[in-house]
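Single-structure report; data block below.
Protein chains: 2
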Amino acid sequence: MSILVVGSIAYDSVETPFGKREDALGGSTLYFSSAASLFAPVHVVGVVGDDFREEDITFLKERRVNFDGMSKVPGKTFRWGGRYHQNMNIRDTLFTHLNVFEDFDPVLPEHYRKLDYLFLANIHPALQLKVLDQMEKPRAVLLDTMNFWISGAREALDEVIRKTDILIINDEELAEYTGTDNLLDGLKYLRDRGPSTIVIKRGMYGALLYNNDSFFFAPAYPLPRVYDPTGAGDTFAGGFIGYLAEQNTLDDATLRKAVIYGSTTASFTVEDFSMDRLKKVGRREVDERWHHFKDMMRF
Amino acid sequence: MSILVVGSIAYDSVETPFGKREDALGGSTLYFSSAASLFAPVHVVGVVGDDFREEDITFLKERRVNFDGMSKVPGKTFRWGGRYHQNMNIRDTLFTHLNVFEDFDPVLPEHYRKLDYLFLANIHPALQLKVLDQMEKPRAVLLDTMNFWISGAREALDEVIRKTDILIINDEELAEYTGTDNLLDGLKYLRDRGPSTIVIKRGMYGALLYNNDSFFFAPAYPLPRVYDPTGAGDTFAGGFIGYLAEQNTLDDATLRKAVIYGSTTASFTVEDFSMDRLKKVGRREVDERWHHFKDMMRF
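Right, here's the structure in full:
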């Protein structure tokens, strides 16, 4: 089955304790696609400026990523700059230049409207609703991290969440959105307002799947070195949703395997800057690491 | 097989968002014993004042906990007071009155010296070395959390760690002791200096077992309500070591099961104040929850 993703396309300037990159390929949509396309065809909705280098996405086109929904308009592509601390869980945003992304108005090509899996990356909920309105009847709507919109656009966010089947967030967002620090109370609050399945991303502590009152826990992969954490969340979503779309099944057993695929693709992302590691990885290597996860959880 | 534990015996005054207790039974030794005694006989080395209420430990004596090594001396029992925040990962120490614990000089009764499993709870490394010197040939030496001593008594701590087989710590201690934020580098640094097995306690994020270069991850049990986190770490150690002593095996498969037993006993601890929940729990209930853990990790 095919996936539709809507979100940002960007050039990132990133500094970590292990190096520095200027104007490297970034944005939630492309990170997501680089992981999800290892499993299933992906269709992109986004906007870039006329400075966008088409050759940067050749590796994605070769992996069944369709860019018919990416519009190129006069102006500059979205740019983000950030610096990670020695403790890479902490980062400072140095600049955010929305550029052409500021007037982004997602319009879906006709052949996108019938797609089965819709991934709404972290953009304004009003834009997400516009995308939802254009879709015919997706099998699953998946919504990612929404930090800015909890206080900034609560009403529209509530409406998106009502239409969401699977929500991917972190502990802080869960507490802020639901108004409770208690994990179980927060999960139940959300479940009563839309998504029957919730995935909590916990960075170096892994991820938690809550599905119809059952729990599943996945660790993060212990890596010798994390070079650049940018895109880890989006590529977690990519591996997770990619596997669901490939299997075209949403039962508990498949969801659990999908979470481990999400942790697997995210672990490759952080092994190099930008999408450099994901460009090189193939399905066989992903499956090998997936089996390492199995070993780390068996008892 | 039998366990020897040395550490504090205290009366705690604790305040959490769910209530308040004054002079409730506490201290690493008793928390540890209340969990470990569900699996194997425990022998306690510690000191109390003449205000200590013998009836407080009746439930432990009924569970094969031997107190021949607990001396009662003139003065007051160690007292600790703490207050937990709404986010219960954060607590303020309100007071620490060492009282008779200040002059604690551990002397092992003759029949303690041949015991097989030695648990060194969080006390000054110089006292831990005194205990080690009195032991004949323990099968396994286990050392817990050592936060204060990393800068305060580094040399003695280094010596204890050289003699330790299994080290139980948290991420902050790992980083501080090893001088690196990198998990793998930190684990290898420690392994090269003593313990072949390291368990990292991560509170609500579970625990990680590092054993001869293999990893195992265990989640924390998702509870509807955490009433009082005091003693969670000591009862994690209790369930973990209790199971190892019961099985009298230290292979990787047993260590993994033991970590889950540690998470299980810790999850009961926090369901009520002091040792009130652990007093009531039996092995069957522990095993039931242990199997829930298995379900939460199966894929």
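In order, the protein sequences belong to chains A and B. For the first sequence, position 96 (counting from the first letter as 1) is numbered 96 according to the working numbering, and the numbering increases by one without interruption. For the second sequence, position 197 (counting from the first letter as 1) is numbered 496 according to the working numbering, and the numbering increases by one without interruption. Positions of the beta carbon are idealized from the N, C-alpha and C atoms, including for glycine.
Classified as buried, residue 45(A) has 16 or more neighbouring CB atoms from the shown chains inside 10 Å of its CB. With contacts defined as CB atoms closer than 8 Å, residue 47(A) and residue 76(A) fail to qualify as a contacting pair.
Sequence-distant partners of residue 380(B) (beyond 5 residues in either direction) whose C-beta falls short of 6 Å from its own C-beta, in its chain, are 312, 393, 394. With fewer than 16 other beta carbons inside 10 angstroms of its own, residue 357(B) counts as exposed.
If the five residues before and after residue 261(A) are omitted, its C-beta is found closer than 8 Å to the C-beta atoms of 39, 239, 240, 242, 243, 286, 290, all from its own chain and listed in chain order. As the crow flies, the alpha-carbon of residue 146(A) is around 32 Å from that of residue 562(B). About 4 Å separates the beta carbon of residue 134(A) from that of residue 108(A), a gap short enough to meet the 8 Å contact definition. The secondary-structure analysis by DSSP pairs residue 93(A) across a beta bridge with 82(A).
In the three-state scheme derived from DSSP, where H, G and I count as helix and E and B as strand, residue 72(A) is classed as strand. Annotation: residue 407(B) is outside any beta strand (DSSP E) and is labelled neither H nor E by DSSP. The three-state reading of DSSP puts residue 496(B) in strand, counting E and B together.
In the three-state DSSP reduction, residue 307(B) falls in the coil class, being neither helix nor strand. 257, 260: these are the residues of the segment 257-282 of chain A whose beta carbon lies less than 7 Å from some beta carbon of chain B, given in chain order. Within the segment 435-450 of chain B, contact with chain A at the beta-carbon level (separation under 8 Å) is assigned to no residue.
For the pair residue 115(A) and residue 128(A), the CB atoms are not nearer than the 8 Å cut-off. Neighbours of residue 501(B) in chain A, taken as residues whose beta carbon is under 7 Å from its own, are 205 in chain order.
Under the Cβ criterion of 8 Å, residue 386(B) is counted among the residues facing chain A.
Here residue 5(A) is not near residue 37(A), since their CB atoms are 8 Å or more apart.
In this structure, DSSP gives residue 516(B) an extended state, which the three-state scheme calls strand.
Under the Cβ distance rule, residue 598(B) counts among the residues neighbouring chain A, one pair being separated by less than 8 Å. Annotation for residue 90(A): 84 place their beta carbon closer than 8 Å to its own, counting only its chain and skipping 5 residues before and after. For residue 296(A), the closest Cβ of chain B is nearer than 8 Å. At a cut-off of 8 Å, the C-beta of residue 533(B) has no neighbouring C-beta in chain A. Shortest Cα-Cα distance from residue 252(A) to any of 181(A), 209(A), 156(A), 22(A) involves 209(A). Taking 8 Å as the cut-off, the beta carbon of residue 460(B) is found closer than this to the beta carbon of residue 492(B). Residue 108(A) is outside the set of residues whose beta carbon lies under 8 Å from a beta carbon in chain B.
Proximity of chain B to residue 183(A) at the Cβ level (cut-off 7 Å) is accounted for by 521, in chain order.
Bounds of the beta strand (DSSP E) holding residue 468(B) are 465-469. With fewer than three CB-CB distances shorter than 8 Å, the segment 57-71 of chain A does not count as touching the segment 15-22 of chain A. 199(A) is the residue among 277(A), 203(A), 281(A), 199(A) whose C-alpha sits nearest the C-alpha of residue 256(A).
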